[in-house]
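Sequential numbering from 73 applies to the sequence shown in my numbering. Quick reminder that beta carbons are idealized off the backbone N, C-alpha and C, glycines included.
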Amino acid sequence: MDVKTGLFYLFAAVLLFAAFRVITSRNPVYAALYLVLAFFQASAIWLLLRAEFLAISLVLVYVGAVMVLFLFVVMMLDINVDSLREGFWKHFPLAAGVGALIALEMAAVLMGGFRLGEARVTSGAMAADSSNTLELGKLLYSQYLYPLEIAAVILLVAIVAAIALTLRTRKDSKYTNPADQVRVKARDRVRIVQMPATRAAEPVAEAATADAAKENKA
């Protein structure tokens with residue numbers, strides 16, 4: 073067994089452990105951290121397969137943005153895990169069946185790539201000094217240019233729609249005009265009231281007499 077195979081088994085073992093801890097950890101913060109570890113191990117396996125673009129995309133997009141945001145949201149929301157775990161064993165047989173079906177489908181699709189034998193050499197094989205990231209970029213911006221532009225337009229429309237939904241006028245929402253905040257002046261917001269610095273204290277005897285008179289009247 074060479075070094076590359078040993079690293080593959082090492083990364084795969086850590087990936088399986090991290091994925092198992094994601095679904096078994098009682099603390100959602102620990103589950104999110106284990107998911108980050110699983111993403112790192114998957115990117116390392118892709119690096120062994122010479123898929124540098126997929127590896128760096130997984131680290132930058134999922135680990136660098138999505139998982140960090142998810143981790144902070146979980147820490148701020150303080151989710152009650154006990155309520156989420158109710159009915160777990162009730163739906164476990166259905167979930168296990170669906171998971172087994174997905175595993176069998178993936179095994180049927182990927183089994184051809186893991187068969188031992190002589191590697192097939194295609195006519196379009198890349199040279200030793202070439203980069204698959206460069207080849208992927210050429211393919212995206214030449215043969216798949218229109219699908220890429222359509223996907224970019226769809227994402228742009230989704231961003232504009234999300235911003236429009238958050239900025240819509242509602243009765244229960246509070247809105248502040250930034251122009252009014254810029255034009256505000258101190259005399260419009262602050263009113264200075266002059267009050268005496270000291271006030272003469274009432275004599276003790278007169279205060280006691282006044283209290284006694286009030287009690288007699290009552």
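Selection from the options that minimises the alpha carbon distance to residue i
{"i": "Val86", "options": "Arg98, Tyr134, Phe160, Val108", "result": "Val108"}
{"i": "Ala103", "options": "Ala91, Gln113, Met267, Ala114", "result": "Ala91"}
{"i": "Phe142", "options": "Leu105, Phe164, Glu124, Ser155", "result": "Leu105"}
{"i": "Asn99", "options": "Val138, Met147, Ser115, Ser129", "result": "Met147"}
{"i": "Ile95", "options": "Ala168, Arg122, Tyr216", "result": "Ala168"}
{"i": "Ser203", "options": "Arg122, Leu237, Gln113", "result": "Arg122"}
Cα-Cα separation, residue i to residue j
{"i": "Leu126", "j": "Ile117", "result": "10 Å"}
{"i": "Val101", "j": "Trp161", "result": "23 Å"}
{"i": "Ala233", "j": "Leu239", "result": "10 Å"}
{"i": "Val265", "j": "Ala258", "result": "14 Å"}
{"i": "Val181", "j": "Ser129", "result": "24 Å"}
{"i": "Phe89", "j": "Leu208", "result": "32 Å"}
{"i": "Thr39", "j": "Ala84", "result": "In the structure displayed, the chain extends from 73 to 290; residue 39 sits before or after that span and is not available."}
{"i": "Arg261", "j": "Ala269", "result": "24 Å"}
{"i": "Leu228", "j": "Met183", "result": "38 Å"}
{"i": "Arg255", "j": "Ile222", "result": "43 Å"}
Enclosing alpha helix (DSSP H) for residue i [first to last residue]
{"i": "Leu166", "result": "160 to 182"}
{"i": "Asp252", "result": "250 to 254"}
{"i": "Lys257", "result": "Note, Lys257: premise wrong, no alpha helix (DSSP H); not H, not E."}
{"i": "Pro100", "result": "100 to 120"}
{"i": "Tyr218", "result": "217 to 238"}
{"i": "Arg93", "result": "75 to 96"}
Cβ-Cβ distance between residue i and residue j below 7 Å
{"i": "Phe111", "j": "Val133", "result": "no"}
{"i": "Leu119", "j": "Phe80", "result": "no"}
{"i": "Glu124", "j": "Thr248", "result": "no"}
{"i": "Ser115", "j": "Val138", "result": "no"}
{"i": "Leu220", "j": "Leu212", "result": "yes"}
Any non-hydrogen atom of the ligand GDP closer than 6 Å to residue i Cβ
{"i": "Val265", "result": "As presented, the structure is devoid of all ligands, the ligand GDP included, so that no description of it is given."}
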